[in-house]
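In my numbering, the protein residues as written are 2 to 174.
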């Protein structure tokens, strides 16, 4: 049911969905809100929350996935439980002449084991990369070996993450 592969990244064989023109009704918003709160909610409970039949809920969720509104279902793992107690956000600015290869650079960095998330951003920097490592030496090695040494990179700035607080029950509207 998920468009993601086992790594949590989008599967290469699936077309990218343009969600700019997708219309969502009130039922879609209820389903999305419930799944955002708990992606493991049983289908019958999801249907009850939306006031629809379980078969309708299942087909609507499938449609939301197919249309690209729901990108996937995944488990959020605490990196510290895996021995990666240091997390950081690293802003990356590319060389001016490397900007034509932004997509290529993003794919290369996203493929690295330490990378949790990568964002292509507006502003002075081009990317914001969230990583998790074993310790500060591994963090330094990641920055030096994978970013500073990369010919496309002009500058980096590393910000340590002390704690990640996730909002609870955030609505989709």
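Glycine included, each C-beta is placed from N, C-alpha and C at the ideal position.
Where the alpha helix (DSSP H) containing residue i begins and where it ends
{"i": "residue 92", "result": "Looking at the DSSP string, residue 92 is not in any alpha helix (DSSP H); the run it does join, the beta strand (DSSP E), is 87-95."}
{"i": "residue 150", "result": "Per DSSP, residue 150 belongs to no alpha helix (DSSP H) and is neither H nor E."}
{"i": "residue 140", "result": "137-143"}
{"i": "residue 51", "result": "44-51"}
{"i": "residue 37", "result": "27-38"}
Member of the options whose CA lies at the smallest distance from the CA of residue i
{"i": "residue 137", "options": "68, 38, 41 and 160", "result": "160"}
{"i": "residue 118", "options": "125, 163 and 92", "result": "92"}
{"i": "residue 86", "options": "139, 134 and 23", "result": "134"}
{"i": "residue 65", "options": "30, 103, 75 and 165", "result": "30"}
{"i": "residue 19", "options": "68, 35, 46 and 38", "result": "68"}
{"i": "residue 129", "options": "56, 44, 156 and 79", "result": "156"}
{"i": "residue 165", "options": "22, 57, 81 and 46", "result": "81"}
{"i": "residue 37", "options": "57, 76 and 56", "result": "76"}
{"i": "residue 62", "options": "43, 158 and 123", "result": "43"}
Residue environment, residue i, which counts as buried when at least 16 other CB atoms sit within 10 Å
{"i": "residue 168", "result": "exposed"}
{"i": "residue 163", "result": "exposed"}
{"i": "residue 143", "result": "buried"}
{"i": "residue 115", "result": "buried"}
{"i": "residue 71", "result": "buried"}
{"i": "residue 24", "result": "exposed"}
{"i": "residue 78", "result": "exposed"}
Below-8 Å beta-carbon distance, residue i vs any chain B residue
{"i": "residue 165", "result": "Of the protein chains in the structure, only one exists, and it is not chain B."}
CB-CB length for residue i against residue j, believed under 8 Å
{"i": "residue 89", "j": "residue 140", "result": "6 Å"}
{"i": "residue 51", "j": "residue 33", "result": "At roughly 10 Å, the Cβ-Cβ gap does not stay under 8 Å, so residue 51 and residue 33 are not in contact."}
{"i": "residue 40", "j": "residue 74", "result": "5 Å"}
Cβ neighbours of residue i in the same chain (closer than 7 Å, five flanking residues each side left out)
{"i": "residue 54", "result": "48"}
{"i": "residue 26", "result": "none"}
Proximal residues to residue i (C-beta, below 8 Å), its chain only, five neighbours per side dropped
{"i": "residue 103", "result": "95, 121 and 127"}
{"i": "residue 153", "result": "95, 96, 99, 102 and 106"}
{"i": "residue 125", "result": "94"}
Own chain partners of residue i with C-beta closer than 6 Å, once the 5 adjacent residues on each side are dropped
{"i": "residue 131", "result": "90, 117 and 118"}
{"i": "residue 158", "result": "92"}
Endpoints, beta strand (DSSP E) assigned at residue i
{"i": "residue 121", "result": "116-121"}
{"i": "residue 132", "result": "128-134"}
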